[in-house]
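With the working numbering as the guide, the letters of the sequence shown map in order to residues 8 to 272.
Positions of the beta carbon are idealized from the N, C-alpha and C atoms, including for glycine.
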Amino acid sequence: MRVLGIDVGGSGIKGAPVDTRSGRLLAPRLRVETPDPATPAAVTRAVVRITRHFAWTGPIGCGVPAAVRDGVFLTAANVDPRWIGTDARALFARATRRRVAIINDADAAGYAEMTFGAGRGRTGLVILVTLGTGIGTALFINGHLVPNTELGHLELDGAEAEARASAKVRKHARLSWKKWAHRVDDYLQALQRYFWPDLIVVGGGVSRKADKFFPRLSVAETVEVVPARLQNDAGIVGAALAYEHTVRRGRQRLALGATARLRPR
Ligand code: BGC
8 MRVLGIDVGG SGIKGAPVDT RSGRLLAPRL RVETPDPATP AAVTRAVVRI TRHFAWTGPI
68 GCGVPAAVRD GVFLTAANVD PRWIGTDARA LFARATRRRV AIINDADAAG YAEMTFGAGR
128 GRTGLVILVT LGTGIGTALF INGHLVPNTE LGHLELDGAE AEARASAKVR KHARLSWKKW
188 AHRVDDYLQA LQRYFWPDLI VVGGGVSRKA DKFFPRLSVA ETVEVVPARL QNDAGIVGAA
248 LAYEHTVRRG RQRLALGATA RLRPR
């Protein structure tokens, strides 16, 4: 299946057509700046721009930095608060005239890593952590996603983890790699204490620079911790996969004889 994957991030909105079977991008990705303020109307314009750039006529999968249910934003930690309660699926579908699926951005990256990257074939409990503008998490149990975990908001030393250890904080507070790695280590130690995962995958753009902080992660003595493989493309590829999953789930419902029609999303 070919799906336009779009990753709405705190600083950039990136998109590319994806072959969901191979996880390959079918064209170089396009990145546009995230509008400031990132209101529903402004972000929708960016999504339309990306769709037009690729002259895209197929379906769209879109990852967003919030907990979402049935396309509706439930939270808005790093985007405009006007998103809360907004049906992004309906909004983007109307504006692009395409079928759309919406998924949390970290869940999308998790799908991509579990299918094509560092988590491929892994069972047990796998947690993917994305270190970017915020901290996102995706939790998989035997390959099944438990959606919308918001573990970047766990409290660490009296503050939210993402306010102490996101990649943005490292840059803004001009922390040395050593100091920041220490904070990331504290955070991963907390995940270890609470969840005892079999594998932690660390993603986000900063996973490209794994050599700068991985050697300082003492948590790796008690749990396997690896950098994400798809790095910056994970969000795009995973958003495309999310569309495919929603279609498959719809078909399953039909096969089970449910009355629900396969709604174009
Ligand atoms: C949001 C999450 C998101 C993460 C990464 C957090 O602030 O609450 O939903 O996955 O940032 O973008």
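So what does DSSP say about N239, is it helix, strand or coil?
-> The three-state secondary structure of N239, taken from DSSP, is helix.
What's the C-alpha gap between V153 and F61?
-> 32 angstroms
With a 10 Å radius around its C-beta and 16 neighbouring C-beta atoms as the bar for buried, classify I109 as buried or exposed.
-> The residue is buried, with at least 16 neighbouring Cβ atoms inside 10 Å.
Quick one: give me the first and last residue of the alpha helix (DSSP H) that H151 is part of.
-> First-last for H151: 151-153, but that is the beta strand (DSSP E), not the alpha helix (DSSP H).
Within 8 angstroms, strictly: CB atoms of A170 and L161 = no
Provide the residue(s) that pair with E40 in DSSP beta bridges, ordered along the chain.
-> G19
With 16 other CB atoms within 10 Å as the buried threshold, where does T64 fall?
-> exposed
Secondary structure at D193, three-state DSSP: helix, strand or coil?
-> helix
Cβ-based neighbour list, N155, same chain, cut-off 6 angstroms, excluding 5 preceding and 5 following | A74, N111
Nearest neighbour of P204, chosen from V133, G242, E251 [CA to CA] = Checking every option, the nearest Cα to that of P204 belongs to V133.
Sufficient close CB pairs (3 or more, under 8 angstroms) joining the stretch 114-123 to the stretch 245-253 | yes
Return helix, strand or coil for L98, following the three-state DSSP convention.
-> Here L98 carries a helix assignment [DSSP, helix/strand/coil].
Would you kindly work out how many angstroms separate the C-alpha atoms of G135 and L146, rounded to a whole number?
-> Checking the sequence, you will find Leu at residue 135 rather than Gly. Answer to the nearest angstrom: the Cα atoms are 6 angstroms apart.
With 16 other Cβ atoms within 10 Å as the buried cut-off, status of D77 | exposed
Go ahead and pull the three-state DSSP assignment for I142.
-> strand
Is it the case that the Cβ atoms of R175 and T140 are separated by a distance below 8 angstroms?
-> Here residue 175 is Lys; the residue named in the question, Arg, does not match the sequence. Closer than 8 angstroms, so yes.
Grouping DSSP H, G and I as helix and E and B as strand, with all else coil, what is V10?
-> strand
Out of curiosity, what's the CA-to-CA distance linking D14 and R38?
-> 9 angstroms
Whole-angstrom distance between R129 and G22, CA atom to CA atom = 27 angstroms
Based on Cα-Cα distance, which residue from I57, S173, L224, D87 lies nearest to F99?
-> For F99, the nearest C-alpha among the options comes from I57.
Excluding sequence positions up to five away, which residues of its chain have a Cβ less than 7 angstroms from the Cβ of S225?
-> D192
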